[in-house]
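Remarks on the structure that follows.
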Amino acid sequence: MTKITKELLLEKGTPKCSNLGQIKKINLSNLNLKTSDFDRKLFSQLQTLEELDVSGNLLTEFPNNLGLTNLRLLNCANNKLEQITTLNQFKNLEDLNCEDNLYLTISDMYKVMYLLPNLRQLDGKNITSKANNLKFVNSQKLMSQVTNFWEKYCKIQFSELPTAAEISAIKKDFVKSAIAEIKYGPNSLKEFTKWRVKTIATEFVNSLLQQDKQRSSDAEENEDEEKMKANLTDVLKHSSVAMSSTRSTRPFTARDTTKSRKQVISEVSKKDTEDISRKSMKIQLGKERQSAQMAKYPNKASRVDMKTKPSTTKRDHSATPVVSKESIPRKRPKYKKTLVLEPLHFLQSHSRNNNPEDLSTQLWACAFEPEIKNSQIPGLVSSQSVATCGGDSVCIIDCETGIVSHKYKSVGEEFFSLAWTTLPVFDNQKRKFNVLAVGGKMGVVKLIHVKVSYCYGMIKAHKKAISTLYFSPKHETFLFTGSYDKTIILWDIGVPDNDYNFRVSRLLVLKVCSTPLKMSLVPTFPDQYLLAACEGGCFAWDISLTNYDSKRNIKMEFLFPVCNKENSKSDSLAFCNDDLVASKGFMQGSIYLWSWSQTLKRWNKRQTKVHAVILRELEWSNTEEVYIALSVSPVENYLFCGDEKGDIWMYDLDGVTDEEMTSGKKTPPTQVDHKI
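According to our numbering, the stretch in the sequence shown is residues 79 to 754, in order.
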């Protein structure tokens with residue numbers, strides 16, 4: 079029997095070195111090792127270890143507290159493992175092989191899929207979609223059953239609502255009864271279901287007790303507030319200071335002359351499809367345009383500046399989701415050069431039957447394809463290809479040559495939005511490929527493997543048109559879809575296998591009071607908060623999947639000075655870094671830069687509305703046009719926004735501080751590029 083020593087680990091480790099802290103990979107296979115042979119103090123020194131092979135040994139379980147925080151690959155095949163729940167210590171584990179362990183059951187495999195948040199490969203198979211379905215959909219259904227069981231249980235046990243003391247008294251009996259009574263899934267997963275029901279039922283009762291404590295705390299706070307108000311009233315009665323009551327807010331009345339694309343969107347039917355195929359759709363951007371306006375600004379109808387290139391640096395900005403500048407090492411020159419954008423191509427790639435005189439087909443969205451090598455930071459480094467959508471077509475264009483390399487058409491569709499993601503190849507985690515999601519009037523998301531020009535899947539996401547799409551930069555299979563049905567839905571699109579079979583799961587439904595137009599996850603809370611610019615304002619939702627509620631209401635509504643105007647809309651937002659948010663609306667005449675962290679601190683959790691902490695107000699076009707998007711270059715630290723004339727407004731963000739703006743003075747743009 080081999081004893082694990084420092085010398086053995088150095089001998090079996092890679093790269094060869096004299097320090098355990100530098101080892102990345104260790105092969106301890108076929109050494110007849112037992113669980114008791116693992117020295118925790120020794121293994122805790124392997125701080126950079128990423129791959130560990132202990133296959134072909136005599137392990138009955140994995141020792142706890144080994145301290146391998148960076149472990150990504152673990153091979154424990156061909157052992158004598160009896161349970162593997164101790165593997166939950168390896169939170170960053172992505173690839174696990176447990177084959178040929180005679181005592182492990184399918185329930186054990188499901189447990190490990192649930193416990194390891196980053197697990198992608200299990201026994202050589204991609205389990206991303208299955209694991210997400212297990213963690214979220216399965217948990218939501220079990221939570222629903224536990225809730226229903228609690229209601230029935232309370233009716234039997236109590237004639238009135240139970241107190242906290244009564245709930246505590248029946249906690250153990252309730253959990254035990256829930257485990258015995260709740261049935262879900264196939265019999266082969268019976269053990270796993272009982273294990274999950276026990277956890278969920280325990281958490282459920284604890285949450286009830288916590289709510290009772292919170293109510294008691296709130297009641298005490300309310301009493302204190304009432305006392306303070308009474309004392310303040312008493313003081314004011316005896317005060318000689320006259321309080322002015324003349325301060326008021328003057329409402330600003332804005333003309334509602336704006337028409338949006340929802341004016342031409344109706345629920346899809348056979349008749350709709352036939353009509354669309356016979357005649358082109360005329361979709362209004364902002365107010366209704368006359369033919370003279372269309373001729374004056376043809377780029378807004380069907381021509382687009384496909385790529386602009388800073389002459390002072392290599393192209394690195396795109397229309398894809400923003401990455402925080404804090405994560406990018408960047409040396410700034412003492413004197414920053416002025417950023418100059420040079421147009422390379424003017425293309426008319428979206429026109430009916432390739433007719434150059436067709437100026438009614440409008441281009442709605444574009445996004446640079448992410449570079450696969452740097453796909454962990456979408457939007458930071460992009461390839462030389464850009465995707466555009468408008469009318470019934472999606473185009474993939476080579477920015478260097480200006481050639482349309484791929485064109486996908488769907489008769490009767492009107493594409494409004496698109497988004498890129500990078501997925502791992504089904505049987506090889508190290509190989510990746512780009513997928514483009516597009517959606518529009520039909521309410522259907524189409525998934526396109528761009529490299530082979532193949533639409534491999536469709537998701538019937540909404541009953542009404544899709545207004546915006548957004549992939550999570552942290553979870554590459556998580557897709558948010560916003561719609562004119564006033565909902566945002568989170569989907570797990572899964573990873574397609576070699577035959578392009580894939581599994582889709584609906585994880586969350588977020589309720590919106592109006593149409594969502596632009597979305598972004600909070601960089602510092604990518605698993606907790608989603609922000610969206612909507613026709614009715616700017617909002618945030620709690621998207622934590624640890625919460626079993628599959629339908630969520632608005633958590634925060636951000637208030638801005640422009641909210642005093644009637645019919646104001648928030649049509650775009652973007653994170654400039656981890657904290658700085660840029661947002662705007664039509665007829666606003668400015669762009670707000672505000673602090674997420676300071677606004678979050680200001681937010682009273684018992685209320686929905688919160689005034690955004692505005693750091694800077696940037697001067698912008700006072701246009702009635704809607705859907706003009708913001709874009710950020712994290713490397714250059716610039717904010718970009720077009721306008722109704724085709725000009726590009728550029729803002730250098732280097733001088734923005736974290737101090738709240740007190741004056742109403744607007745900051746002019748660094749420069750405005752006049753393109754037409």
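The beta carbon of each residue, even a glycine, is placed where N, CA and C say it ideally should be.
Within a Cβ cutoff of 8 Å, which residues of the same chain sit near T735, ignoring the five residues on either side of it in sequence? L693
C-beta atoms of I260 and Q223 nearer than 8 Å: yes
C-beta contact flag for M665 and N715 at 8 Å: no
Which stretch, first to last residue, makes up the beta strand (DSSP E) that contains T546? I544 to F549
Pull up the DSSP beta-bridge partners for L136, would you. Answer is none; L136 lacks a bridge partner.
Three-state secondary structure assigned by DSSP to T225: helix
Within a Cβ cutoff of 6 Å, which residues of the same chain sit near Y607, ignoring the five residues on either side of it in sequence? V600 and A618
To the nearest angstrom, how far is the alpha carbon of K743 from that of E491? 44 Å
Beta-bridge pairing of M536 - partner residues as DSSP gives them: K524
Between T147, E160, A690 and L124, which has its C-alpha nearest T138's C-alpha? E160
Anyone know if the C-beta pair for N512 and V528 falls short of 8 Å? yes
Quick one: what does DSSP say G99 is sitting in, helix, strand or coil? helix
Go ahead and label P264 buried or exposed: buried means 16 or more other beta carbons lie within 10 angstroms of its beta carbon, across all protein chains shown. exposed
Euclidean distance between Cα positions of G517 and V523: 5 Å
In angstroms, rounded to a whole number, what distance separates the CA positions of D751 and V489? 37 Å
Is the beta carbon of L151 closer than 8 Å to that of N135? no
Meets three-Cβ-pair contact criterion under 8 Å: the stretch 185-195 and the stretch 566-577: no
Look up D186 in the DSSP assignment and say whether it is helix, strand or coil. helix
In its own chain, which residues sit with a C-beta less than 7 Å from the C-beta of P594, not counting the 5 before and 5 after it? S545, T546, G560, I566, A610 and C612
State buried or exposed for D383, treating a residue as buried only when at least 16 other CB atoms are found within 10 Å of its CB. Any reading at D383 needs caution, since the residue's pLDDT is 40, under 50, leaving its predicted position unreliable; the model's value is listed next. Flag for D383 reads buried.
What does DSSP give as the partner residue(s) for S598 in the beta ladder? L609
Might you give, ordered along the chain, the residues of its own chain that have their beta carbon closer than 8 Å to the beta carbon of S107, omitting 5 neighbours on each side? D131, V132, S133, G134, N135 and N153
By DSSP, does V530 sit in helix, in strand, or in coil? helix
Can you tell me whether V691 is buried or exposed, with buried defined as 16 or more other CB within 10 angstroms of its CB? buried
Beta-carbon spacing of T163, K203 below 8 Å: no
Since E697 sits in a beta bridge, which residues does DSSP pair it with? S668
Terminal residues of the continuous beta strand (DSSP E) containing W674? From DSSP, W674 is part of no beta strand (DSSP E) but of the alpha helix (DSSP H) over W674 to R680.
Nearest chain C C-beta to K230 closer than 8 Å, yes or no? Among the chains of the structure shown, chain C does not appear; only one protein chain is present.
Taking the alpha-carbon positions, what's the W727 to F638 distance? 22 Å
Residue(s) in a DSSP beta bridge with C473: T466 and K485
Just to confirm before moving on: does the CB-CB distance between L525 and L496 stay below 8 Å? no
Taking its Cβ as the centre, do 16 or more other Cβ atoms sit within 10 Å of Y181, making it buried, or is it exposed? exposed
V215 vs S583 beta-carbon contact at 8 Å: yes
Verify whether the separation of the beta carbon atoms of Q167 and T126 is less than 8 Å. no
If you draw a straight line from the C-alpha of K233 to the C-alpha of D470, how long is it? 57 Å
First through last residue of the beta strand (DSSP E) which encompasses A711: The amino acid occupying residue 711 in the given sequence is Ser; Ala does not appear at that position. Taken as a continuous stretch (DSSP letters only), the beta strand (DSSP E) holding S711 covers L708 to S711.
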